[in-house]
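Reviewing the structure listed below.
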Amino acid sequence: ECPNGKDCMYRHALPPGFVLRSQRKAMDDAAKANTISLEDFLEVERHKLGTNLTPVTPETFAKWKKTRLDKKDAEAEVVRKAKEAQQAAGKFNGMSGRDLFSFNPDWFEDEDASDEEDWDISAYRKEKEDADQAAEERLIQRFNEGFQALGNSNNEAEEAPPAAAES
């Protein structure tokens, strides 16, 4: 086959299963040509259904919807009765918070709510601003006192007699 043997660096010596880019592109194009579009797929599936179908009209749709809603209501009623039976037996496992609240709203009554007054954000903001202003004034007063004390100590050092400074 190859005059150079198995160690040939050319294309015919590539490992089994290796596909070149140009060949891969051609394979992808061929695969894309074999795929079916969504419209065609739906059309094929529609034809598979047969001819014994009921056409959808406003009347048939209303009838279907009514039977569907009746079926859902019946299922909900069965679930509700099962939960009521659980509640009657004193078993509250598997009940959601909403179910527990609908069973006995007194369990979730806030005892503190009647004593508290409504919370007002504007009153909180005013209190916070007043507290911040008072803290800032205290800080300024402390700085002023510190500067005055510093100024008094510098004045005393300047007024000290020179003889006391030498000894």
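Each residue of the sequence shown is one higher than the one before, starting from 73 at the first, in our numbering.
Virtual Cβ for every residue (Gly too), placed ideally from N, Cα, C.
Computed from a prediction, not measured in an experiment: that's the story for all the values here.
In this structure, residue 155 sits near residue 171, with a CB-CB distance shorter than 8 Å. For residue 94, the secondary structure class from DSSP, reduced to helix, strand or coil, is helix.
In the structure shown, residue 136 adopts helical secondary structure according to DSSP, grouped into three states. Boundaries of the alpha helix (DSSP H) harbouring residue 174: 169 to 175, taken from the DSSP string.
In the DSSP annotation of this structure, the continuous segment of the alpha helix (DSSP H) that includes residue 113 starts and ends at 110 to 121. Rounded to whole angstroms, residue 86 and residue 74 show a C-alpha spacing of 12 Å.
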